[in-house]
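Undergrad: One structure, as structure tokens, below. Some questions next.
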Amino acid sequence: MVKKYCSSRVAGELGQGGVSMLHTKWFKYFFCCMYVLNFIIGIGLVVVAVLIYPHLPQKIPTHWNGAAQIDGWGSKINIFLPGFLPFLGALFHPHIIDQQFQVGSRANSNFRLFALAGMIVLWLAAAFLMWIMYRYAGR
4 MVKKYCSSRV AGELGQGGVS MLHTKWFKYF FCCMYVLNFI IGIGLVVVAV
54 LIYPHLPQKI PTHWNGAAQI DGWGSKINIF LPGFLPFLGA LFHPHIIDQQ
104 FQVGSRANSN FRLFALAGMI VLWLAAAFLM WIMYRYAGR
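Here the sequence shown stands for residues 4 to 142, numbered as in this note's numbering.
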């Protein structure tokens, strides 16, 4: 089994008709798990926003200039906006990708990798924005 997997993986990467690692069921399963994790993180950030909302002042920072100085303020309801960033990952639903690109094609696999990177960037951006809004809310 391992030998068969390794040989087909190498053949796929060399373009000799095998199946590359990105076309395996493992990769598709991993992508689906990351997609579910995307929603769990989004729900978690919204829950955190609900918990810290009562402790925020009426105005919180919403924008910073290049020198990291606050130059935009908004209502404390803006604390919920970063929590919804991960839900943009819904644009990367596996079935949507499969409709756009042939299943098992290199374009399909490449777009799935791009989608995974995009989801991770959205998670980090959302968490950072929420932390920075909360941290600077007292100023």
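We put the CB at the ideal spot given by N, CA and C, even for glycine.
1. Trp67 bridges to which residues according to DSSP?
2. By Cβ distance below 6 Å, which residues in the same chain neighbour Ala129 in space, the five residues on each side in sequence not counted?
3. May I have the straight-line CA-CA distance separating Ile80 from Ile135, to the nearest angstrom?
4. Taking the alpha carbon of Leu40 as the point to measure from, which residue in Ala93, Pro60, His66 has its own alpha carbon closest?
5. Looking at C-beta atoms only, is the number of pairs between the stretch 29-38 and the stretch 94-102 that lie closer than 8 Å three or more?
6. For a quick check, are the C-beta atoms of Gly77 and Ile63 less than 8 Å apart?
7. Can you grab the Cα-Cα spacing for the pair Gly107 / Met133, in whole Å?
8. Decide if Gly69 is buried, meaning its Cβ has at least 16 other Cβ atoms within 10 Å, or exposed.
TA: Reading from the atomic positions:
1. Ile73
2. Cβ contact annotation for Ala129 (same chain, cutoff 6 Å, sequence separation greater than five): Leu48, Pro85, Leu88, Pro89, in chain order.
3. 15 Å
4. Ala93
5. yes
6. yes
7. Taken atom to atom, the span from the alpha-carbon of Gly107 to that of Met133 is near 38 Å.
8. exposed
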